Amino acid sequence: MGLALAVAVLLCIGLVVNHQDIAPYTMRLAGLLCMGALYGLAVHLLSSHAAPPVGVPAEQRDGVPLWAVPTTTLAVVLLMGLAHWLMPLYQVLMSADGARNVSPYLPTLLVTLAVFGVGSVGVGMAWDMQRGQRWYQVVLAVLAVAAVVHLGIIIQFALTRSGPDFWILFKGAREWFRGGSMYDLVAVETNHFGHVFKVPPFYGLLFVPFVQQDGLMILFWHRMLNIALLGAAALLLFRSFGVSLFSALGVGLLLLFNMRPVADTIAYGQIDIMLLLLLIVALVAMRRNWLLLAGAAVALATMFKLYPVLILGFFVIKRQWRALVGFAAAMLAINGLALAIVGWREHFTYLFEVVPRIGGGTAWVENQTINGFVSRLLAPGIIAEKFDHPLVSIITYGGFLLALAGVGWLSLRPQPRTGARFALQFSLFAVLMVLAVPAAWMHYQTITILPMFAVLLYSMEHGLPRWRAALFAVAYALIAYGNQWSFYDSAMRDVLTVLGTSYKFYGLVLLTVVVVACLRDADEDTPRPRAH
10 MGLALAVAVL LCIGLVVNHQ DIAPYTMRLA GLLCMGALYG LAVHLLSSHA
60 APPVGVPAEQ RDGVPLWAVP TTTLAVVLLM GLAHWLMPLY QVLMSADGAR
110 NVSPYLPTLL VTLAVFGVGS VGVGMAWDMQ RGQRWYQVVL AVLAVAAVVH
160 LGIIIQFALT RSGPDFWILF KGAREWFRGG SMYDLVAVET NHFGHVFKVP
210 PFYGLLFVPF VQQDGLMILF WHRMLNIALL GAAALLLFRS FGVSLFSALG
260 VGLLLLFNMR PVADTIAYGQ IDIMLLLLLI VALVAMRRNW LLLAGAAVAL
310 ATMFKLYPVL ILGFFVIKRQ WRALVGFAAA MLAINGLALA IVGWREHFTY
360 LFEVVPRIGG GTAWVENQTI NGFVSRLLAP GIIAEKFDHP LVSIITYGGF
410 LLALAGVGWL SLRPQPRTGA RFALQFSLFA VLMVLAVPAA WMHYQTITIL
460 PMFAVLLYSM EHGLPRWRAA LFAVAYALIA YGNQWSFYDS AMRDVLTVLG
510 TSYKFYGLVL LTVVVVACLR DADEDTPRPR AH
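Those letters in the sequence shown? Residues 10 to 541, per our numbering, in order.
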C-alpha cells in the first residue's frame, strides 16, 4: 500500500514535469496503482492470516519487521495465482483506454473470469459451511485446474502458428542435403536477427533425415515432440523432488508450467523446452552424484544453443571434475558424429564465419536482456536489427562480467547437494543465460521454470520473507504471462511505452533479486514454516 502511494506521488510529479508523455496514460497508470494496492492488501492478508508462519515460534517473530516475517509456500503460491490472473485484466484496461491489438485472447479472458468467479464462490461456500480454515484448498484447486486448462489453450493456439524458426532449420538442413551450405553468410552478415540459420551443424543435422518429407508434417511432429518433452520435464521435477500433486508445492509447479514462453517455443519450433529438460537432468544428476551424466546433459544443451556453456563455471566452482569429464567426452562424441556426417566445411564455416558475426544485441521488443532494455532507451526504433552503441556495449559486457562474477561468488559457499540452496546456486546460472547475454528472446525464458521451482523449494525449507514472496509472485507473473504483443501498442512510442516493452526484463530482475537474497541468507537453520 505504501509503495502504491509512493508511485502515485511520482505519477503526480511526472504529470507536472512531463505532462505530454504522461497524460495519455493516466487511466492505465491509475488502474495499475489500484491493482498494486489490491495486490499489496492480498500480500498482507495471505501472509498474516491465510497462511501464518505457524512453524516459527512467536518469540522468534517478536521484533521482526512485518515485511520480513517468513511466509509459507501456500501463501507464495496463492500470490503467484493472483499476480498472474491480474495480468489479463490489465490488458482489458489498456484496451478500454484505447490501446490497439492488446486485448487478451478470449479463452484466456474466460479462464480469468472463471478463476475469480469460481474461486470467490468456492471460498464463500467454504465459509458458509463453517470450514473457513480450509478455504485455501478451494483456491488451490481452482488455480491448479486453471493452470492446466490455460496451458492447453495456449498450446492449442501455438499449434496454429506458422513455426518460423522451424522452417529456418528445416530449410537449412535441406539446402545442405542438396549440396549447398546450411549457412547463408550474406544473410548472417546483413542481419543475423532475421530468419537465418546460425546454430551449430549438429542441430541442423537432426533435420536431415526428414528433409525429403512434407515439411508441415515434420513441423507437426516436432511440436508433438516438444509437448512430450514438456511433460517429461514436469514429471522429472515431480518425481525427483518428491512433490505431491495435491500439495501447495505441487500446485505451484503446475503454475510454473502455465507459461507463455513455453507455448511460444512450441509455436516457433524452438528448442527451449529441450534445454529446460537437459538443465533439470543436469541438476538431478548432480543431486544423485551422477556427475558424468550432468556434464553430458550440459554438453548436449550447448550443441543446440551456446549459452548453456556457462554451466561449466558452476562445475569448476563446485570442483565437479567428473562433470567436466562428462562434458568433454560428450562434446567429443557429438561433434565427432557431426563431423563424420556433415564434414569439416560446415563446422569451419560456423566457427570462423558465423560465430564472429552473431554477437551484439538488438532493441527489438523480444530481447528482454540488459542489452535489450538499454538499447530500447537509446535506439531510434524498436526493430529486429543489430543495434551498436558504445554505451550499450559497455553496459552489456561490463554487466555480464559483473553478473558472472557475482553468480560465481554466490556459488562458492558449500551447500548440500540435495538442498534448495544448491538448486538455487545452479539455477542462478540459468537466469544469467537469459538476462546478461546480449540477446535472448522471450521464449528463452522457458528455462526460468527451474530457478522459480528452486525458490519454491527454498520456501518449503526455510520460508520466504513477506517482501520476497511478494516480489517472487510478481516476477512469475511478468515472465509467465504474455509475449511481445500482449502489452505493446506499436502505434505509440514514448518513454512509458518503451519502458513498458521491457516488462519481462523486470520479471527477470525481480527473480534475480529473490534468488540472490535467498543465497545470501546467513542462517542455515531458519525455522521452517509448516506447509499447509
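C-beta atoms are modelled at their ideal positions from N, C-alpha and C, and glycine is treated no differently.
Please read these numbers as outputs of a predicted model, since none were measured by experiment.
Problem set entry | Minimum Cβ-Cβ distance from isoleucine 343 to chain D less than 8 Å | Judged by its chain identifiers, the structure shown contains no chain D, having just a single protein chain.
For this session: Would you kindly report the start and end of the unbroken alpha helix (DSSP H) that includes histidine 53?
Result: Counting from 1 along the sequence shown, the entry for residue 53 is found at position 44. Run containing histidine 53: 35 to 54, per the alpha helix (DSSP H) assignment.
Exercise. Quick one: what does DSSP say phenylalanine 396 is sitting in, helix, strand or coil?
Worked result: As a position in the sequence shown, residue 396 is number 387, starting the count at 1. Here phenylalanine 396 sits in strand by DSSP.
For this session: Report yes or no: do three or more beta-carbon pairs, one from the stretch 199 to 218 and one from the stretch 145 to 160, lie closer than 8 Å?
Result: no
Exercise. Whose C-beta lies closer than 6 Å to the C-beta of leucine 95 among residues of the same chain, with five residues either side of it excluded?
Worked result: Along the sequence shown, one-based indexing puts residue 95 at 86. Excluding sequence neighbours, leucine 95 sits near Met44.
Exercise. Going by the C-beta, is tyrosine 406 closer than 7 Å to any heavy atom of the ligand ZN?
Worked result: This structure simply doesn't include the ligand ZN, nor any ligand for that matter.
Problem set entry | First and last residue of the uninterrupted alpha helix (DSSP H) at proline 270 | Position 261 of the sequence shown, counted from the first residue, corresponds to residue 270. Where proline 270 is concerned, the enclosing alpha helix (DSSP H) stretches over 269 to 277.
Problem set entry | Status (buried if at least 16 other CB within 10 Å, exposed otherwise) for histidine 204 | As a working mapping, residue 204 is identified with position 195 in the sequence shown. By the neighbour-count rule (16 or more Cβ atoms within 10 Å), histidine 204 is not buried but exposed.
Exercise. Tell me the DSSP bridge mates of glycine 370?
Worked result: Start at 1 with the first residue of the sequence shown, and residue 370 comes out as number 361. According to DSSP, glycine 370 bridges with Phe396.
For this session: Report the rounded CA-to-CA distance for threonine 510 versus alanine 393, giving the unit in angstroms.
Result: Counting from one through the sequence shown, the residue named residue 510 turns up at place 501. Counting from one through the sequence shown, the residue named residue 393 turns up at place 384. Each residue's Cα considered, the two are about 14 Å apart.
Problem set entry | Bridge-paired residues (DSSP) for leucine 309 | For this step, residue 309 is matched to residue 300 along the sequence shown. None, per the DSSP bridge assignment.
For this session: Check leucine 419 in the structure and name its three-state DSSP category.
Result: For this step, residue 419 is matched to residue 410 along the sequence shown. Of the three classes helix, strand and coil, the one that applies to leucine 419 here is helix, per DSSP.
Problem set entry | phenylalanine 266 to aspartate 503 span [Cα, whole Å] | Residue numbering aside, residue 266 sits at position 257 when the sequence shown is read from its first letter. Residue numbering aside, residue 503 sits at position 494 when the sequence shown is read from its first letter. So the alpha carbons of these two residues sit roughly 34 Å apart.
Exercise. At what residue ranges does the stretch 327 to 352 contain a whole run of the alpha helix (DSSP H), taking only runs of 4 or more?
Worked result: 330 to 351
Problem set entry | Identity of the residues DSSP links to leucine 473 by a beta bridge | Along the sequence shown, one-based indexing puts residue 473 at 464. The partner list for leucine 473 (beta bridge, DSSP) reads Thr80.
For this session: Report the three-state DSSP secondary structure of proline 365 (helix, strand or coil).
Result: The residue given as residue 365 occupies position 356 in the sequence shown. Helix, per DSSP.
Problem set entry | Cut-off 8 Å between Cβ atoms - residues of its own chain near isoleucine 282, not counting five sequence neighbours on either side | Translated into positions along the sequence shown, residue 282 becomes position 273. Asn235, Leu238, Leu239, Ala242, Val271, Thr274, Ile275, Thr455.
Problem set entry | Three-state secondary structure (DSSP) of isoleucine 404 | In the sequence shown, residue 404 corresponds to position 395, counting from 1. Isoleucine 404: helix per DSSP, three-state reduction.
Exercise. Does the separation of the CB atoms of threonine 35 and glycine 472 fall below 8 Å?
Worked result: To locate residue 35, count along the sequence shown from 1; it is residue 26. To locate residue 472, count along the sequence shown from 1; it is residue 463. It is not a contact, given that the beta carbons lie outside the stated cut-off.
For this session: May I have the straight-line CA-CA distance separating glutamate 355 from phenylalanine 211, to the nearest angstrom?
Result: Translated into the one-based positions of the sequence shown, residue 355 becomes position 346. Translated into the one-based positions of the sequence shown, residue 211 becomes position 202. Their backbone Cα atoms lie some 10 Å apart in a straight line.
Exercise. Is it a yes or a no for the stretch 516 to 528 touching the stretch 441 to 455, going by three-plus beta-carbon pairs under 8 Å?
Worked result: Verdict: yes, contact present.
Exercise. Is the stretch 291 to 309 close to the stretch 332 to 348, with three or more CB pairs under 8 Å?
Worked result: yes
Problem set entry | Within the stretch 196 to 259, ranges of the alpha helix (DSSP H) (whole runs, at least 4 residues) | 210 to 214, 224 to 249
Problem set entry | Unbroken stretches of the alpha helix (DSSP H), 4 residues or longer, contained in the stretch 436 to 473 | 458 to 471
Problem set entry | Pairwise C-alpha distance: glycine 369 and glycine 107 | Position 98 of the sequence shown, counted from the start, is the residue given in the question as residue 107. Position 360 of the sequence shown, counted from the start, is the residue given in the question as residue 369. C-alpha separation (whole angstroms): 35 Å.
For this session: Within its chain, find whatever has a CB closer than 6 Å to the CB of alanine 182; leave out the 5 residues flanking it on each side and keep chain order.
Result: Position 173 of the sequence shown, counting from 1, holds the residue named residue 182. Gly213, Phe216, Val217, Val220.
Exercise. Which first and last residues belong to the alpha helix (DSSP H) in which phenylalanine 512 is found?
Worked result: As a first step, residue 512 must be located in the sequence shown, where it is residue number 503. The question names phenylalanine, but residue 512 in the sequence shown is tyrosine. Counting along the chain, the alpha helix (DSSP H) containing tyrosine 512 begins and ends at 512 to 529.
For this session: Compute the beta-carbon to beta-carbon distance between leucine 413 and valine 524, rounded to the nearest angstrom, for a pair I have assumed lies under 8 Å.
Result: Residue numbering aside, residue 413 sits at position 404 when the sequence shown is read from its first letter. Residue numbering aside, residue 524 sits at position 515 when the sequence shown is read from its first letter. 15 Å between Cβ atoms; not a contact.
Problem set entry | Own chain partners of isoleucine 4 with C-beta closer than 6 Å, once the 5 adjacent residues on each side are dropped | Outside the displayed span of the chain (10 to 541) sits residue 4, for which this structure offers no information.
Problem set entry | 8 Å contact criterion, which leucine 400 and leucine 410 should meet: CB distance rounded | What you label residue 400 is simply residue 391 of the sequence shown in a count that begins at 1. What you label residue 410 is simply residue 401 of the sequence shown in a count that begins at 1. Wrong, their Cβ atoms sit about 16 Å apart, outside the cutoff.
For this session: Look up isoleucine 545 in the DSSP assignment and say whether it is helix, strand or coil.
Result: In the structure as shown, the chain starts at 10 and stops at 541, and residue 545 therefore has no counterpart that could be examined.
Exercise. At which residue ranges does the stretch 138 to 186 contain complete alpha helix (DSSP H) runs of 4 or more residues, listed in the order of the chain?
Worked result: 144 to 167, 173 to 186
For this session: Grab me the residues of isoleucine 379's own chain with a C-beta within less than 7 Å of its C-beta, minus the 5 sequence neighbours each way, in chain order.
Result: What you label residue 379 is simply residue 370 of the sequence shown in a count that begins at 1. Excluding residues within five positions, the ones whose Cβ falls inside 7 Å are Ile404, Thr405, Gly408, Leu444, Ala445.
For this session: Can you say whether leucine 346 is buried or exposed, counting buried as having 16 or more other CB atoms within 10 angstroms of its CB?
Result: Position 337 of the sequence shown, counted from the first residue, corresponds to residue 346. Exposed: under 16 other Cβ atoms inside 10 Å.
Exercise. Between which two residues does the alpha helix (DSSP H) harbouring arginine 385 extend?
Worked result: Counting from 1 along the sequence shown, the entry for residue 385 is found at position 376. Per DSSP, arginine 385 belongs to the alpha helix (DSSP H) from 379 to 387.
Exercise. Residues in its own chain within less than 8 Å of valine 101 by CB, not counting five upstream and five downstream?
Worked result: One-based indexing of the sequence shown puts residue 101 at position 92. So the list reads Ser112, Pro113, Leu118, once near-sequence residues are dropped.
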